[in-house]
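Enquirer: Pasting in a structure now, in structure tokens, and then I'll have a few things to ask.
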Amino acid sequence: MSKLDIVTTETFDVIVLGAEQPVVVDFYADWCGPCKMMEPALRDIAREYDGEVSVVKLDVDANKEIAERYGVSGIPALLLFDKGALCDRLSGATSRSAIAAMIDKREAPRS
Amino acid sequence: MNAFHGNAAVKRDVLETLAGSTETPVAMAADQQAVLAWAQEMGLPGDLTLLLAGLARHSERGAGKACYDVLETVEPGADLSAVMRQWLIWAIGTMLVPVLSTPGLRQAADTVQRLLGAASPTPSDWRRVRHDLACIDVSDDDDGALATLSAACWDLERFPGAVDDILTSWHQIFNSRLHREVEWTEDVRAAFRILLRDATPQARAQAGPMPEPSDEIATRLYKTRLLDAYEPLLLAKDETLSRRGMQILRGPRAEISAFSDDALSGLVQRISGTPSAAGGLAHETCA
Chain A
1 MSKLDIVTTE TFDVIVLGAE QPVVVDFYAD WCGPCKMMEP ALRDIAREYD GEVSVVKLDV
61 DANKEIAERY GVSGIPALLL FDKGALCDRL SGATSRSAIA AMIDKREAPR S
Chain B
112 MNAFHGNAAV KRDVLETLAG STETPVAMAA DQQAVLAWAQ EMGLPGDLTL LLAGLARHSE
172 RGAGKACYDV LETVEPGADL SAVMRQWLIW AIGTMLVPVL STPGLRQAAD TVQRLLGAAS
232 PTPSDWRRVR HDLACIDVSD DDDGALATLS AACWDLERFP GAVDDILTSW HQIFNSRLHR
292 EVEWTEDVRA AFRILLRDAT PQARAQAGPM PEPSDEIATR LYKTRLLDAY EPLLLAKDET
352 LSRRGMQILR GPRAEISAFS DDALSGLVQR ISGTPSAAGG LAHETCA
């Protein structure tokens with residue numbers, strides 16, 4: 001089972017803000033139980049939207065400045081970026097469908 | 112996939128492990144990936160096994176006995192790949208639709224049932240229905256039902272983990288109802304949170320050491336001990352507020368247990384309609 005890519009303060013601007021397709025960033029920490037529970041759902045989302053949307057993770061403990069920049073005060077938090085801009089966010093453990101709905105709001109469903 | 116790999120000895124071993132166990136067996140209580148690995152080992156579909164584990168965990172009979180009762184009905188060699196979808200069609204029709212209050216949601220439930228009964232829905236089909244559901248405005252009463260329908264709109268063979276979303280959102284229906292019944296408004300919640308904060312050091316001291324988060328059974332026992340410790344401390348402060356608060360903290364356990372046992376009965380019925388490798392009973396027709 002493939003793991004999700006990790007982004008850091010150093011790579012965030014290139015991988016997330018510079019991406020051509022929308023990117024979902026999972027703000028997490030190793031000690032966070034609900035964040036671990038979210039992992040299978042995020043992997044499924046990455047598979048479902050393969051080629052259309054990227055899903056990456058960012059450790060808030062190791063990358064505090066990014067978390068502060070986007071006002072992430074609680075985790076897990078999922079932030080959706082498109083063409084360098086923050087478009088939407090979800091806080092707390094959530095379902096596949098809620099994440100999918102956040103993504104689908106950005107684009108019409110495939111025919 | 113043939114149940115128990117068509118081997119009666121595998122089934123016998125599983126049932127022997129489950130017999131007499133009142134707690135969820137390790138292979139069914141651990142994280143989702145462990146359940147899926149166990150399912151593969153036993154020749155059982157992952158989605159169905161996650162459903163069984165999720166329902167059994169809340170059964171009045173105890174998880175081990177509930178799992179035993181269901182798996183006992185499975186014929187070695189039976190093809191159970193369609194059972195999860197058949198169960199969902201049945202569960203939506205008999206347990207979800209009757210509690211819907213938003214008229215448009217009944218029509219959406221029909222659409223979801225048809226999709227679940229279709230021969231081979233494409234990824235676009237699932238996605239289109241999810242998108243349509245996300246556009247429906249529902250009353251607060253139907254939030255959980257809408258989330259449950261959306262959670263059911265995934266190809267469960269590809270994404271078996273979505274079964275956990277289905278059960279979580281179904282439980283949310285009972286939680287929402289409880290919140291309404293005890294008039295759990297933001298003001299009440301805030302007042303109760305202050306009571307809880309003040310009582311926490313004493314309650315924690317009484318409940319004893321906190322277990323590792325990974326130990327599910329110990330964590331559940333600890334939570335029960337902690338709630339037992341909170342109750343007299345809070346009632347001594349403000350009885351009316353505390354009774355409402357304790358109801359919320361303890362959750363609608365009886366309702367979730369009753370739902371789980373009804374759902375398990377429905378699961379047994381769907382499994383009983385599944386043909387074994389030798390022919391057996393006729394397939395149940397999807398709506």
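Chains as they are written, first to last, in this note's numbering: chain A, 1 to 111; chain B, 112 to 398. Note that the Cβ used here is the ideal one computed from N, Cα and C, for glycine as well.
For the beta strand (DSSP E) containing A:R89, name the first residue and the last one.
Expert: The count along the first sequence starts at 1 and reaches residue 89 of chain A at position 89. First-last of the beta strand (DSSP E) with A:R89: 85-91.
Enquirer: List, in chain order, every chain A residue whose beta-carbon is nearer than 9 Å to that of B:W265.
Expert: Here residue 265 of chain B corresponds to residue number 154 of the second sequence, with the count starting at 1. Chain A residues near B:W265: D44, E48, R96, S97, A100.
Enquirer: Compare the C-beta of B:Q143 with all C-beta atoms of chain E and state if any pair is closer than 9 Å.
Expert: Going by chain labels, chain E is absent from the structure shown, which instead holds the protein chains A and B.
Enquirer: What runs of the alpha helix (DSSP H), each 4 residues or longer, lie entirely inside the segment 230-289 of chain B?
Expert: Taking only runs of at least 4 residues, the alpha helix (DSSP H) segments lying wholly in the segment 230-289 of chain B are 234-245, 254-263.
Enquirer: Output the distance between the C-alpha atoms of B:L278 and A:K57, rounded to the nearest integer angstrom.
Expert: To locate residue 278 of chain B, count along the second sequence from 1; it is residue 167. To locate residue 57 of chain A, count along the first sequence from 1; it is residue 57. Distance between the alpha carbons of B:L278 and A:K57: 26 Å.
Enquirer: Let's see if you can read the secondary structure: which residues bound the beta strand (DSSP E) around A:L58?
Expert: Within the first sequence, the letter at position 58 stands for residue 58 of chain A. It spans 54-59 - the beta strand (DSSP E) in which A:L58 sits, taken as one unbroken run.
Enquirer: Considering only C-alpha positions, which residue in the set B:D298, B:G255, B:T233 is nearest to B:E268?
Expert: Walking along the second sequence from the start, residue 268 of chain B turns up at place 157. If we check each option's Cα against that of B:E268, B:T233 comes out closest.
Enquirer: Indicate whether at least one CB of chain B lies closer than 9 Å to the CB of A:R110.
Expert: Here residue 110 of chain A refers to the residue found at position 110 when the first sequence is read from its first residue. For A:R110, the pLDDT reaches just 44, beneath the cut-off of 50, and the residue's location in the model is therefore unreliable, leaving the point undetermined.
Enquirer: Out of B:G117, B:Q317, B:N286, B:S231, which one is the CA nearest neighbour of B:R336?
Expert: Residue numbering aside, residue 336 of chain B sits at position 225 when the second sequence is read from its first letter. Of the listed residues, the one whose Cα sits closest to B:R336 is B:Q317.
Enquirer: Helix, strand or coil: how does DSSP classify B:V223 here?
Expert: Looking up residue 223 of chain B in the second sequence gives position 112. Helix at B:V223.
Enquirer: Taking A:A67 as the query, report the chain B residues whose CB atoms sit under 9 Å from its CB, ordered along the chain.
Expert: Within the first sequence, numbered from 1, the residue matching residue 67 of chain A stands at position 67. Simply none; closest approach about 22 Å.
Enquirer: Between the alpha carbons of B:T128 and B:G173, how many angstroms are there, rounded?
Expert: Reading the second sequence from its first residue, position 17 is the one you call residue 128 of chain B. Reading the second sequence from its first residue, position 62 is the one you call residue 173 of chain B. Taking the straight line joining both Cα atoms gives about 14 Å.
Enquirer: Do B:P214 and B:N118 come within 9 Å of each other at the CB atom, strictly closer than that value?
Expert: Position 7 of the second sequence holds residue 118 of chain B. Position 103 of the second sequence holds residue 214 of chain B. Not closer than 9 Å, so no.
Enquirer: Leaving aside the five residues before and after B:G272 along the sequence, list all residues of the same chain whose C-beta is less than 6 Å from its C-beta, in chain order.
Expert: Sequence index remark: in the second sequence, residue 272 of chain B carries index 161 (1-based). So the qualifying residues of the chain are Q143.
Enquirer: Quick check on this structure: which residue in B:D252, B:G255, B:A262, B:H116 has the alpha carbon closest to the alpha carbon of B:R196?
Expert: One-based indexing of the second sequence puts residue 196 of chain B at position 85. It is B:A262.
Enquirer: For B:S122, which of B:L147, B:L344, B:G154, B:A145 has the nearest alpha-carbon?
Expert: Residue 122 of chain B sits at position 11 when you count from the first residue of the second sequence. In the sequence under discussion, the amino acid at residue 122 of chain B is Lys, which differs from the Ser named in the question. B:K122 has its Cα closest to that of B:G154, out of B:L147, B:L344, B:G154, B:A145.
Enquirer: What do you get for B:G356, buried or exposed, if any count of 16 or more other CB atoms within 10 angstroms of its CB means buried?
Expert: Here residue 356 of chain B is taken as the residue at index 245 of the second sequence, counted from 1. Under this definition B:G356 is a buried residue.
Enquirer: Examine chain B for any beta-carbon lying closer than 9 Å to the beta-carbon of A:D104, and answer yes or no.
Expert: By one-based count along the first sequence, residue 104 of chain A stands at place 104. Yes, A:D104 counts as interfacial toward chain B.
Enquirer: Please report whether the beta-carbon of A:P40 lies at a distance below 9 Å from any beta-carbon of chain B.
Expert: Translated into positions along the first sequence, residue 40 of chain A becomes position 40. It does: the Cβ of A:P40 has a partner Cβ on chain B nearer than 9 Å.
Enquirer: Name, please, each residue of chain A whose Cβ falls closer than 7 Å to the Cβ of B:G272.
Expert: Here the question's residue 272 of chain B lines up with position 161 in the second sequence. By Cβ distance, chain A contributes P40, A41, D44.
Enquirer: Looking only at its own chain, which residues have a Cβ that is under 7 Å from the Cβ of A:P109, when we skip the five neighbours before and after it?
Expert: For the purposes of this step, residue 109 of chain A is taken as residue 109 along the first sequence, with counting starting at 1. Residue placement at A:P109 is flagged as unreliable, the pLDDT there being 44, under the threshold of 50; the coordinate-derived value follows with that caveat. Cβ within range, chain order: n/a, list empty.
Enquirer: Quick check: the segment 81-97 of chain A against the segment 38-45 of chain A, are at least 3 beta-carbon pairs closer than 8 Å?
Expert: Enough Cβ pairs lie closer than 8 Å, so yes.
Enquirer: With distances taken Cα to Cα, identify the nearest neighbour of A:L4 among A:V14, A:G18, A:I66, A:D59.
Expert: By one-based count along the first sequence, residue 4 of chain A stands at place 4. Comparing Cα positions, the closest option is A:D59.
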